[in-house]
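Residue numbers (the numbering used here): -1 to 442.
Backbone N, C-alpha and C fix where the C-beta goes; we use that ideal spot for every residue, glycine too.
Below is one structure; the comments refer to it alone.
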């Protein structure tokens, strides 16, 4: 146990209204001490009871708020490292008292430290404690206003994060999310802002105001989703988010080919990457995407026109076979990898879906995808994605297999790459080609 307080001395200070001496005595007596194992030493329940009495007195006496409140809150913060004390304090009455204190000091810069320590106390009460998080959120659902004022950003974002693990945050809007993203880029070493943005992506109602966000904010949100899904191979947004991204992609032609707005193009590029990930990671989302023919039609329009542009002149879509010819700056261009992501997306949409397979043939995409079976340093892995796409397009679809068999050979495809996916191109001698299973050739 931590050392006991000298209650006689403390009561004398209270009686004589020696607030500074009282504060100094509390600070020394309630300092957090660690045991030999590194665990915080525990406080007596009597200490907590005494601090609650002082908290009540602070609410009635302005002089005590100015001189004693910080040490009372600091002491309570240190006490609740003990789970037993934490549970004894987690009452609606106690949280309401803290709310009263917060309202008293929140707008006064002189009490910024006081607000900071109170946030730390609330964090300690909410960590790994669903009941505590819910009680606190009921009284402090508007705590995000501190972020808008850039006040105690680390503590407030941490509190919002820990509360969000047990209760959904319901007061988000475009202005607040824009501010959170602004702080995310501005404030160093505040991982809780990142965690908070990851959580926000998973709220259905967030996507109802996504289009009202600033473009820098949109790009940050989409970048976080993409990074999270790439690292953990999971889906980190909801059906409402999928609907928004589908519409962005379907409406993207004008931006890709006519707009000089680089940020809008970056948004479309990120959306395409995320949709490509989704089609490979979620059967439920894949089925939703496969039910929308407009997605494949839009992908076809983009791929066919990008392919033509790349062949017609020297531009951002022109194929580059040598690694040295792609600058590091170009890798920040929205066009980098875009064509390869289109091929990947089309291939995934064709996975065991005859409707998409037939539409791919009817949209005259198959010849274009076959022509993508070449190295292009502007589109890493486009050759592999193209071969994978052809395999999905032809799987259990005789019409597509016959379509390819009737095509005339105009160039060559790297046989080693085809072999990796179990396919080869067979020439029957009259310039027609066909896809043949390697196992069939080996058996013959």
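Following the DSSP letters along the chain, one finds residue 9 inside the alpha helix (DSSP H) bounded by residues 5 to 13.
The continuous alpha helix (DSSP H) containing residue 17 extends over residues 17 to 27. For residue 131, the enclosing alpha helix (DSSP H) starts and ends at 128 to 138. A contact is defined here as three or more CB-CB pairs under 8 Å, and the stretch 286 to 295 meets this definition with respect to the stretch 239 to 248. Beta-bridge analysis with DSSP links residue 32 to 38.
By the Cβ-count criterion, residue 159 is buried, with 16 or more other Cβ atoms from all chains shown falling within 10 Å of its own Cβ.
With contacts defined as CB atoms closer than 7 Å, residue 204 and residue 240 fail to qualify as a contacting pair. Secondary structure note for residue 155: its alpha helix (DSSP H) is the uninterrupted segment 151 to 162. The beta carbons of residue 157 and residue 112 sit no closer together than 7 Å. Using a 10 angstroms sphere on the CB of residue 21, the tally of other CB atoms reaches 16 or more, which defines it as buried. Just so you know, the alpha carbons of residue 350 and residue 277 end up roughly 12 Å apart. When the alpha-carbon of residue 133 is set against those of 151, 105, 165 and 72, the nearest one is in 165. Per DSSP, residue 105 lies in no alpha helix (DSSP H) segment and is marked neither H nor E. Check the Cα spacing between residue 27 and each of 36, 5 and 12: the tightest is with 5. Rounded to the nearest whole angstrom, the CA to CA distance from residue 71 to residue 100 is 11 Å. DSSP places residue 376 outside both helix and strand once states are collapsed to three, so it counts as coil. By the Cβ rule, the stretch 33 to 49 counts as touching the stretch 82 to 91, because three or more pairs are nearer than 8 Å.
The count of Cβ pairs closer than 8 Å, one atom from the stretch 324 to 331 and one from the stretch 362 to 372, stays below three, leaving the stretches out of contact.
Here residue 79 carries a coil assignment [DSSP, helix/strand/coil].
Here residue 216 is buried, its C-beta having at least 16 other C-beta atoms within 10 Å. Nearest to residue 226 by C-alpha distance, out of 249, 196, 236 and 202, is 196. DSSP places residue 215 in the uninterrupted alpha helix (DSSP H) bounded by 213 to 230. In this structure the stretch 53 to 65 lies against the stretch 10 to 21, because at least three pairs of beta carbons, one per stretch, are closer than 8 Å. Beyond the five residues adjoining it in sequence on each side, residue 122 comes within less than 8 Å, by CB distance, of 75, 78, 79 and 84 in the same chain, given in chain order.
Assignment of residue 324 by DSSP, reduced to helix, strand and coil, places it in the coil class. Excluding the 5 residues flanking it on each side, residue 179 has same chain C-beta neighbours closer than 6 Å at 215 and 218, in chain order. One Cα belongs to residue 319, the other to residue 353, and the distance between them is close to 34 Å. Take residue 280, set aside five residues on each side of it, and the residues of its chain with a beta-carbon closer than 8 Å to its own are 233, in chain order.
CA-CA distance, residue 395 to residue 359, rounds to 11 Å. Only residues of its own chain outside the window of five on either side were considered, and among them 202 and 205 have a CB closer than 6 Å to the CB of residue 238, listed in chain order. In this structure the stretch 299 to 317 touches the stretch 329 to 344; the number of beta carbon pairs closer than 8 Å is three or more. Per the coordinates, the alpha-carbon of residue 186 lies some 14 Å from the alpha-carbon of residue 149. For residue 144, the enclosing alpha helix (DSSP H) has its first and last residue at 143 to 146.
For the set 312, 356 and 253, the Cα lying nearest the Cα of residue 291 is the one of 356.
By the criterion of a C-beta distance shorter than 7 Å, residue 210 is surrounded in its chain by 172, once the five residues flanking it on both sides are discounted.
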